[in-house]
Amino acid sequence: MNRCIGLMSGTSLDGIDGALVNVQADGNKVQFIHGITRPFSDSLREQLAALAHREMVNKEALARMDVLMGHLLADVVKALLTETGMKAKDILLIGSHGQTIGHYPDKKAQFKHSTASTLQIGDGDVIAARTGIPVVSDFRRRDMAAGGVGAPLIPLLDSLLFSERKHSICCLNIGGIANITVLPAGESEPIAFDTGPGNCLSDLAIARLIGKGQHFDTNGENAFRGRVHDEILDRAMDDRYFDQLPPKATGREYFDEKFLDFLLELGRDVPFEDMLATISCLTPKSIAAALRRFVPADDFPTELIVSGGGVRNRFFMEKLKDYLPELEVNSSEKYGIDPDFKEAMGFALMGYRTMKALPSSIPAVTGATSQQILGKISLT
Ligand SMILES: Nc1ncnc2c1ncn2[C@@H]1O[C@H](COP(=O)(O)OP(=O)(O)OP(=O)(O)O)[C@@H](O)[C@H]1O
Ligand SMILES: [Mg+2]
């Protein structure tokens, strides 16, 4: 057994997912064994949000948070070991994505060099020191160093999980941001990119309009109570990100409070439930539009396989079916893939591949010049 642990804490700032998996020796197959999620406390979430979303950041606070996140990630590993009765020596390695603080894929030139960059915190050295297990972390930068947008990286996992497909399929992850991986039936490369908002705008709207410690629209219940205003939705769909050609990646620094302000301004006379329905609708609408705009007709998928916390938002799932009636829409659960742990599984797999000097990025997806062996290694 090549038991590996994957750690993921996404842009929703909901907490850390840890997955224990078994990776096949050649790095081409991965099996889920067990997963846990440790939610962030409200005060930690606030501090992370301040670092991730404010323009000006205190550098000591950032440096210290990098170490604190390392400890919190190590705590999740320890909890996972306790729950599964494993010891550190039973685990080959940890692949840790870290917490994204900023993602800046545009190749702005400074002193004649592209300064496209990304920042994930949660020091791999701290995780390795605390757990006694080798750690691979900071996966995105190597792809960016090779001219890529550093995202998405999950298409490798998608293509390995669904390697035996008969039709073109689309894996959709609805985290803070939504991303798709279209896997054509034949040999052609996957088409994968961030489609735009996932849960993030709905989460921000809930926090702003309801508050009271509520962070998301449980099962989409609030959105179901409202009416979607198509004229507002159409204005929102005019945003330039939706027209931008792939490869492309976005983040919560784009679909942020200011974007929410813009939407709320468009609907300033609209009842709050209608606004929530309309804002929520932007997620499925932009996913459907991305498929129609950027996937060639021959590769158009027959099935949408959905993962990420957004699977539980029934409003998203219902609207996806409305906008894409020709597709079968299923949770990844149908294929034995827990929707909450797919990304953590992916980083366990990528960590393993890095240790074996195997590449994990797909240049056709990220726009990099070549495939890259991703991440930095902290040995024990
Ligand atoms: N019962 C639920 N009903 C509606 N939405 C839910 C429910 N449970 C979780 N969510 C949504 O899922 C989000 C968390 O999803 P997830 O962990 O996949 O996102 P993430 O951490 O941003 O990951 P990433 O950005 O890496 O894909 C929550 O912020 C919330 O919006
Ligand atoms: Mg999460």
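Numbered according to the working numbering, the sequence shown spans residues 278 to 657. Even for Gly, the Cβ is constructed at its ideal location relative to N, Cα and C. Model, not experiment: these values are computed from the prediction.
For TYR381, the enclosing beta strand (DSSP E) stretches over residues 370-381.
LEU297 has its alpha-carbon roughly 8 Å from the corresponding atom of LEU357. When the beta-carbon positions are compared, PRO411 and THR579 stay at least 8 Å from each other. A buried status is given to HIS374, since no fewer than 16 other beta-carbon atoms sit within 10 Å of its beta-carbon. Assigned with DSSP and collapsed to three states, MET333 falls in coil, not helix or strand.
Using a cutoff of 7 Å, the CB of GLU620 counts as near ligand 1, since one of the ligand's heavy atoms is closer than that.
Leaving aside the five residues that flank PRO467 on each side, the residues in its chain whose CB is nearer than 8 Å to its CB run, in chain order, PRO432, ASP435, SER436, THR458, VAL459, LEU460, PRO461, ILE639, ALA641, VAL642. Every residue whose Cβ sits closer than 5 Å to any heavy atom of ligand 1 is listed here in chain order: GLY287, THR288, SER289, ASP291, GLY452, GLY453, ASN476, ASP480, PHE493, THR495, ASN496, GLY585, GLY586, ARG589, ASN590.
In the DSSP assignment, GLY401 falls within the unbroken alpha helix (DSSP H) covering 401-408. Sequence-distant partners of THR361 (beyond 5 residues in either direction) whose C-beta falls short of 8 Å from its own C-beta, in its chain, are LEU297, ILE310, HIS311. Between LEU438 and the set ARG280, GLN301, ARG591, the nearest pair of CA atoms involves GLN301. For ILE582, the enclosing beta strand (DSSP E) covers residues 580-584. The closest CA to that of MET552, considering only THR377, LEU540, THR314, ARG517, is found on LEU540. In this structure, ILE368 keeps its C-beta atom at 8 Å or more from the C-beta atom of ILE451. Placement of the Cβ of ASP294 at a distance of less than 7 Å from at least one heavy atom of ligand 2 is found. When secondary structure is reduced to three states using DSSP, ASN279 falls in the coil class, being assigned neither helix nor strand. For ALA645, no alpha helix (DSSP H) encloses it, and the DSSP letter there is neither H nor E.
For LEU656, the three-state secondary structure derived from DSSP is coil. CYS448 is bridged by DSSP to THR458, ILE582. Inter-residue distance for GLY475 and ILE509 is about 18 Å (C-alpha atoms, whole angstroms). For ALA386, the pairing in a beta bridge is given by DSSP as SER391. The beta carbon of ILE654 sits closer than 6 Å to those of VAL413, all from its chain and outside the five residues before and after it, given in chain order. Collapsing the DSSP output to three states places GLY623 in a helix. Shown here, PHE618 sits in coil according to DSSP, grouped into three states, outside any helix or strand. Beta-carbon to beta-carbon, THR395 and GLY372 are separated by about 17 Å, too far to satisfy the 8 Å threshold. Around the CB of ASN496, fewer than 16 other CB atoms lie within 10 Å, so the residue is classed as exposed.
Take the alpha-carbon of ALA329 and the one of THR377: they are about 7 Å apart.
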